[in-house]
Amino acid sequence: MPTASKSSSTLLLILGYVLGVLLLGALLAPPLFFAAKSVIQNSPDSALAGVLEGKEFPGYFNRAVLLAAVLGLWPLLKAMRMKWHEVVGETRLSRGAGETALGFLTALAFIAIMGYFCWWAEACRIHPNAKWYNFHKPLLSGFTVSIIEEFLFRGAVLGILCRSLGTRAGLWWTTGIFAFVHFLKPPLDGAIPDASVTWTSGFWVISQLFRGFGRWENFVGEFLLLAAVGWVLGRARQSTGGLWLSIGLHAGWVSGMKYFGGVVFTSKALRDGDFTPWMTQNTCRAIVSPIVGIVPLIAVLLTGAVVLLIVRWRKDGKPSQAR
């Protein structure tokens, strides 16, 4: 059983890691931004310039923070003496691929149901120039984000906290940290013009991150949704002993929501708050869906319930004999 002193030191280490990631991200964001602008200026017709074009400084801050999280992970794991199998699990590739497909397809199915409901309720409308065949960008973004974040949160952070605090407490602490980190709000586009970016602009972004905690509708619509996502992904990790299922779920949510946001636009009624708290306009960069609120929250929880029931059925039922 973990001792109180060990639990406290682990929590302080994780919180220090989060703080260090934000500070390192603030330092890395300006050079990344200036390097990108240099590429755009010197090679405007290159493929890389096309990818970088139009992105503002807060977007570079987000990517710098993710880079800082990856760079800081090795010393964190070394400090906790975590072994590789404790982070990624020991699930075989053949079984893991099936778990990833299960999570991905189930997440997509419930996003499709949620999207249809939002359209039926007139919270959104189909974009007249919707790019229905634009699958590759949502898929690439979904799997890239999910692999990195699942390794960080459900691999390293959840593994460290469960070992130090116990399975239940580790899950809830990881859920809270995941929701808190993603709920931080970098400034909106246009808040800092490109010409005004300096080597200290990253620290200005940090001073703007906590705006969302002062509005109850943001808390209900966005923070609770992030917490539900974090909890379902954590339970998926614990139920299967590996990251495959959580990667599939995460990739399905990100890909599906990104695709959904690309083919619809929100209605005036939604933007005016007529559907609050059931459906509201998203203002959180970490959530790629244009619509947040209780309806997407229910969709996430139902996805988790179905997937976890299937996992339990496979373990306890007849099909487990065929593995």
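Just so you know, we're using our numbering here: the sequence shown kicks off at -16 and counts up by one. Note that CB positions come from ideal geometry on N, CA and C, so glycine has one too.
Buried/exposed call for residue i, threshold 16 Cβ in 10 Å
i: LYS241; result: buried
i: PHE126; result: buried
i: HIS233; result: buried
i: ARG306; result: A caution first: ARG306 carries a pLDDT of 39, below 50, which makes its placement in the model unreliable, though a value can still be read off. Flag for ARG306 reads exposed.
i: GLY225; result: buried
i: GLY(-1); result: exposed
i: THR181; result: exposed
i: LEU85; result: buried
i: ILE96; result: exposed
Start-to-end residues for the alpha helix (DSSP H) that takes in residue i
i: ARG254; result: 251 to 254
i: SER175; result: In the sequence under discussion, the amino acid at residue 175 is Ile, which differs from the Ser named in the question. Here ILE175 belongs to no alpha helix (DSSP H), and DSSP marks it neither H nor E.
i: SER229; result: 227 to 246
i: ASN45; result: 40 to 63
i: THR158; result: 150 to 166
i: VAL283; result: 277 to 299
i: VAL188; result: 184 to 190
i: SER179; result: Looking at the DSSP string, SER179 is not in any alpha helix (DSSP H), and its letter there is neither H nor E.
i: PHE93; result: 76 to 103
i: LEU122; result: 119 to 132
i: PHE213; result: The residue asked about is misnamed: residue 213 is Gly in this sequence, not Phe. From DSSP, the alpha helix (DSSP H) with GLY213 extends over 207 to 223.
Residue i versus residue j: straight-line alpha-carbon distance, rounded
i: ALA152; j: SER21; result: 47 angstroms
i: ILE130; j: ILE(-3); result: 20 angstroms
i: ILE230; j: LEU141; result: 14 angstroms
i: ALA80; j: TRP187; result: 42 angstroms
i: LEU6; j: LYS298; result: 44 angstroms
i: PHE16; j: SER(-9); result: 37 angstroms
i: ILE281; j: TRP261; result: 10 angstroms
i: LEU122; j: SER238; result: 5 angstroms
i: LEU192; j: SER179; result: 19 angstroms
i: GLY149; j: LEU135; result: 19 angstroms
i: PRO302; j: LEU228; result: Unreliable placement is indicated for PRO302, whose pLDDT of 48 sits below 50; the coordinate value is still reported in the next sentence. For PRO302 and LEU228, the distance between alpha carbons rounds to 18 angstroms.
i: LEU284; j: GLY217; result: 13 angstroms
i: VAL1; j: ILE143; result: 14 angstroms
i: VAL70; j: ARG137; result: 8 angstroms
i: ILE160; j: ARG146; result: 16 angstroms
i: PRO279; j: THR259; result: 12 angstroms
i: PHE202; j: PRO169; result: 16 angstroms
i: LYS61; j: ARG194; result: 34 angstroms
i: PHE163; j: TRP67; result: 26 angstroms
i: ASP177; j: ARG75; result: 47 angstroms
i: ALA307; j: ILE270; result: For residue 307 there is no data in the structure shown, the boundaries of the chain being -16 and 306.
i: TYR116; j: PRO58; result: 42 angstroms
i: ALA106; j: MET63; result: 47 angstroms
i: ILE23; j: ASN45; result: 20 angstroms
i: GLN304; j: GLY3; result: Below a pLDDT of 50, predicted positions are generally treated as unreliable, and GLN304, at 44, falls in that range; no measurement from the model is reported.
i: LEU253; j: PHE118; result: 26 angstroms
i: CYS101; j: LEU(-5); result: 42 angstroms
Whole-number beta carbon distance between residue j and residue i, since they are thought to touch under 8 angstroms
i: VAL290; j: ALA219; result: 7 angstroms
i: SER272; j: PHE243; result: 7 angstroms
i: ALA90; j: GLY245; result: That belief does not hold up - the Cβ atoms of ALA90 and GLY245 are roughly 17 angstroms apart, past 8 angstroms.
i: LEU35; j: ALA19; result: 5 angstroms
i: SER222; j: VAL294; result: 5 angstroms
i: THR263; j: GLY204; result: 4 angstroms
Nearest neighbour of residue i, chosen from the options [CA to CA]
i: ALA12; options: THR183, MET97, ALA92, LEU31; result: THR183
i: LEU167; options: TRP103, ILE96, CYS267, ILE175; result: CYS267
i: ARG108; options: TRP296, ILE293, ILE274, VAL294; result: ILE274
i: GLY287; options: GLN264, ASP255, LEU208; result: LEU208
i: TRP103; options: SER250, VAL212, ILE293; result: SER250
i: TRP214; options: LEU54, ILE175, GLU133; result: GLU133
i: GLY185; options: GLY42, TRP155, MET97; result: GLY42
i: TRP156; options: LYS120, ALA211, GLY204; result: ALA211
Segment limits, beta strand (DSSP E) that includes residue i
i: ARG108; result: 107 to 109
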